[in-house]
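Everything on this sheet refers to the single structure shown next.
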Amino acid sequence: MKTILLVPTGEGVGLSSACLGLIYALECQGVKAGFLKPFSQEAHQESDRSTALYRHLSNSETVEPIPYLKLIQQLNLGENDELLEDAVRLHRQIAKHHDLIIVEGLVPNSRDAFASTLNAALAQALDAKVIIVSNADINKPEVTAEKVENQLRYLGGASSTRMAGVLFMRTKGLPEDSAKIPVTIDPNLRLISDTNKFTANIQKTHAHIGSEKLPVIGLVPFSNTLSVPRISDLAAHISAEWINQGEAKQRRVLHSSLIASNIEHELNKFVAGELIISASDRIDVLLASSLATSNGVPLAGLVLTEHHEPNASVLEFCQAAIKNGLPILHTSLSTFETAQNLANLSNEIPIDDTERAEQVTRFVSSHINADWIALLLNGSYKPRLSPSAFRHELVQKSIAAKKRIVLPEGDEPRTIQAAAICQSRGIAHCILLAKPEIVVEVAKARNIELPHDLEIIDPDLIRENYVPKMVELRKGKINELQAREQLQDTVVLGTMMLALDQVDGLVSGAVHTTANTVRPAFQLIKTAPEYSLVSSVFFMLLPDEVYVYGDCAINPDPDAEQLAEIAIQSADSAKAFGIDPRIAMISYSTGTSGAGAEVEKVAKATEIAKQRRPDLLIDGPLQYDAASVESVGRSKAPDSQVAGRANVFIFPDLNTGNTTYKAVQRSANVVSVGPMLQGLNKPVNDLSRGALVDDIVFTIALTAIQAEQQIEAKASKAS
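According to our numbering, the sequence shown holds residues 54 to 772 in order.
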């Protein structure tokens with residue numbers, strides 16, 4: 054059992070973010086760590102913030118900390134030993150389910166002078182290794198070192214065998230672009246030279262900080278982008294009432310502007326993410342905000358101060374903005390008081406802001422030294438393919454593949470943002486099919502920074518080039534006029550680019566149906582020589598494992614031959630993404646316990662798949678619970694190598710597959726990546742129309758890896 058206690062040097066160092074980031078970094082190495090916060094310091098909050106965020110992010114249970122009032126009461130009574138016994142009891146509860154536990158220590162502040170002493174006692178009681186967490190300033194190495202030194206004195210000094218390292222959070226003085234947000238853990242973000250330089254400067258006065266005994270395990274930049282509150286977090290802080298709540302839980306305040314002078318001199322402030330603050334009698338400001346919103350500029354919101362809120366007839370003029378979700382608040386505070394209160398807003402992540410918590414967690418984990426983690430684990434943990442490890446591998450493999458991916462929905466805002474992320478992180482070289490001026494306009498309105506090497510191609514300038522080639526590919530089926538007409542559709546145009554090897558893969562579907570995306574691929578790309586059909590899989594990211602579900606999107610009612618082929622395709626897809634496949638052919642009956650045409654189809658498909666691929670572990674028919682639950686598998690199919698251990702689930706028809714994937718996704722709050730199409734000559738992938746930016750990024754990564762796998766498969770056949 055390994056326990057790591059994170060001890061902060063003071064308030065505002067990002068302690069919870071450090072704990073969650075370290076847990077995520079371990080998860081990306083395939084190790085699931087438990088989390089414990091033994092003592093709460095939140096006097097008036099029912100649920101502990103760090104504990105609640107951990108539960109959400111990891112989809113795992115933990116225990117509630119000892120309440121602050123009880124902590125103070127026992128300390129006042131001199132019951133320190135009893136307190137520590139309680140902490141050990143909580144620790145043991147978590148240890149039943151985890152081999153490694155991250156513990157969040159107490160924050161030393163003016164109210165809780167006992168925090169540092171109690172942290173030292175806690176380290177001893179839990180037999181924990183200690184990481185000191187401190188904020189840092191690149192330009193003040195000595196001041197930063199002194200903060201670490203103050204905590205070291207409580208913990209037995211740098212020579213103590215308990216010390217595991219120092220993690221610098223919210224580091225100021227680093228280059229601005231180092232604080233950009235990654236979509237997932239990316240070692241390329243680590244500031245190795247900055248860390249080495251800063252450590253060398255610290256060692257001029259404090260030689261032990263950064264030494265082998267007390268390594269610097271990460272240098273995490275301060276990020277304005279990650280410190281931004283939602284507009285919904287502000288209302289209570291400025292004693293405001295809602296005029297229109299709109300998208301208050303989604304919109305974030307990147308900057309705020311007081312509008313005091315004539316509106317014509319202030320129009321440059323009406324940009325994406327801006328919180329506009331103005332006196333409520335400034336009707337011109339309200340109308341300008343409304344117009345900006347109608348023009349597609351997602352302002353963070355509008356705060357109207359003093360006086361009374363605008364009358365109904367004025368708000369009637371702003372209906373377009375209100376329908377577009379513009380949050381509008383009114384406060385009786387003055388404009389100056391409002392701005393002052395907002396400047397004092399805490400950097401801590403609110404308990405319900407899980408989107409920001411996820412981004413911060415990934416950001417922190419990206420800057421933690423993976424070599425240090427490997428040393429910490431020291432081969433003592435058997436890695437597993439957790440959801441985070443799967444996503445991590447996905448990004449790393451796609452970075453290595455260096456593929457060109459065309460995005461036919463090039464002017465769609467989520468697609469533009471995903472392309473910008475993929476391009477800047479090297480996940481893929483993205484090509485947007487759209488008019489460049491529209492892409493620039495959308496990016497500007499949404500505050501998306503377009504990388505200089507992001508390729509944007511105007512479809513009107515290239516369409517004619519593909520007419521003869523398309524007629525040739527579809528010989529006897531279409532003429533020039535029909536080809537020209539079909540190429541008006543950018544999905545068809547992108548598919549032609551893929552057919553002619555000008556790109557390596559295609560991703561579409563954010564605004565098109567599955568049929569729109571897939572039909573051109575069937576017509577122009579066709580199936581791979583070894584397959585007779587195209588099918589799909591979803592990667593279901595369950596809390597402890599990644600499952601593969603097929604086919605949930607393409608084939609309505611496959612026969613036994615086709616079902617066997619879907620099983621083989623899905624097994625190969627699983628292997629390509631690091632999953633050792635154990636394939637369950639799903640039915641309403643296990644083994645020979647039931648009868649009927651559907652069961653017979655699954656039994657026959659299982660036999661065909663086994664004959665075609667004796668190297669694969671395949672069993673069926675199996676009921677879903679017999680395939681996935683160990684105890685049920687042992688009871689219903691005791692001799693099966695798959696029952697109770699399956700990770701690839703092949704459904705008998707589209708009705709069953711699509712229903713099951715959606716039921717699991719929604720009821721268990723599981724992230725699904727896909728559908729990924731398999732069996733085509735070249736990779737084409739479809740998005741859900743409700744896809745988030747992250748979903749699009751991961752689908753682009755999937756497509757890049759598929760392209761690389763196909764090249765490798767062709768090379769191995771040729772040799």
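Where is the CB? At the ideal position from N, CA and C, for every residue including glycine.
- In this structure, residue 634 and residue 669 form a Cβ contact; the two beta carbons are roughly 6 angstroms apart against a cut-off of 8 angstroms.
- By the beta-carbon neighbour count (other beta carbons within 10 angstroms, threshold 16), residue 114 is exposed.
- For the 9 angstroms CB-CB criterion, residue 695 and residue 758 do not form a contact.
- Here residue 731 really is in contact with residue 626; their C-beta atoms are around 5 angstroms apart, less than 8 angstroms.
- Secondary structure of residue 532 (DSSP, three-state): coil.
- Leaving aside the five residues that flank residue 553 on each side, the residues in its chain whose CB is nearer than 7 angstroms to its CB run, in chain order, 522.
- In the three-state scheme derived from DSSP, where H, G and I count as helix and E and B as strand, residue 305 is classed as strand.
- Counting only runs of 3 or more residues that sit fully inside the stretch 663-738, the beta strand (DSSP E) segments are 670-675, 701-703 and 724-731, in chain order.
- The stretch 167-199 is shown to contain whole beta strand (DSSP E) runs of 3 or more residues at 182-190, in chain order.
- The beta carbon of residue 760 sits closer than 6 angstroms to the beta carbons of 456, 557, 558 and 736 from its chain, once the five residues preceding and following it are set aside; these are given in chain order.
- Ranked by Cα distance from residue 560, the first of 292, 524, 481 and 713 is 481.
- Across the structure, residue 301 and residue 380 are spaced so that their CA atoms are roughly 6 angstroms apart.
- Excluding the 5 residues flanking it on each side, residue 663 has same chain C-beta neighbours closer than 7 angstroms at 671, in chain order.
- Secondary structure at residue 218: strand, using DSSP grouped into helix, strand and coil.
- Residue state for residue 444 is assigned as helix, using DSSP reduced to three classes.
- Annotation: the continuous alpha helix (DSSP H) that includes residue 376 extends over 372-376.
- A residue is called buried once 16 or more other Cβ atoms fall within 10 Å of its Cβ, and residue 314, having fewer, is exposed.
- Residue 691 sits exposed, since fewer than 16 C-beta atoms from the chains shown fall within 10 Å of its C-beta.
- Secondary structure of residue 297 (DSSP, three-state): strand.
- Residue pairing for residue 602: DSSP places it in a beta bridge opposite 591 and 702.
- The residue from 519, 526, 338 and 311 with its alpha-carbon nearest to that of residue 540 is 519.
- In this structure, residue 632 lies near residue 438, with their beta-carbon atoms less than 9 angstroms apart.
- Sequence-distant Cβ neighbours of residue 377 in its own chain, meaning closer than 6 angstroms and more than five residues away, are 346.
- Contact between the stretch 396-410 and the stretch 242-262 is absent: fewer than three C-beta pairs spanning the two stretches fall below 8 angstroms.
- Annotated as distal: residue 58 and residue 75, with beta-carbon spacing of 9 angstroms or more.
- Taking C-beta separations shorter than 7 angstroms and ignoring five residues to either side along the sequence, the partners of residue 178 in its chain run 137, 140 and 141, following chain order.
- If you draw a straight line from the Cα of residue 573 to the Cα of residue 511, it is about 20 angstroms long.
- Out of 567, 185 and 473, the CA that lies nearest to the CA of residue 202 is found in 185.
- Its Cα nearest to that of residue 222, the residue 61 stands out among 61, 245 and 329.
- Under the three-state reduction of DSSP, residue 108 is assigned to helix.
- In the structure shown, residue 251 adopts helical secondary structure according to DSSP, grouped into three states.
- Per DSSP, residue 544 is not a residue of any beta strand (DSSP E); the alpha helix (DSSP H) it occupies stretches across 543-552.
- Taking 9 angstroms as the cut-off, the Cβ atoms of residue 579 and residue 733 count as close.
- Annotated as distal: residue 176 and residue 418, with beta-carbon spacing of 9 angstroms or more.
- Close CB contacts of residue 589 within its chain, under the 6 angstroms cut and outside five residues either way in sequence, are with 604, 606, 607, 728 and 730 (chain order).
- Cβ-Cβ distances below 8 angstroms link residue 516 to 537, 540, 541 and 546 in the same chain, with the five nearest sequence neighbours on each side left out; the list follows chain order.
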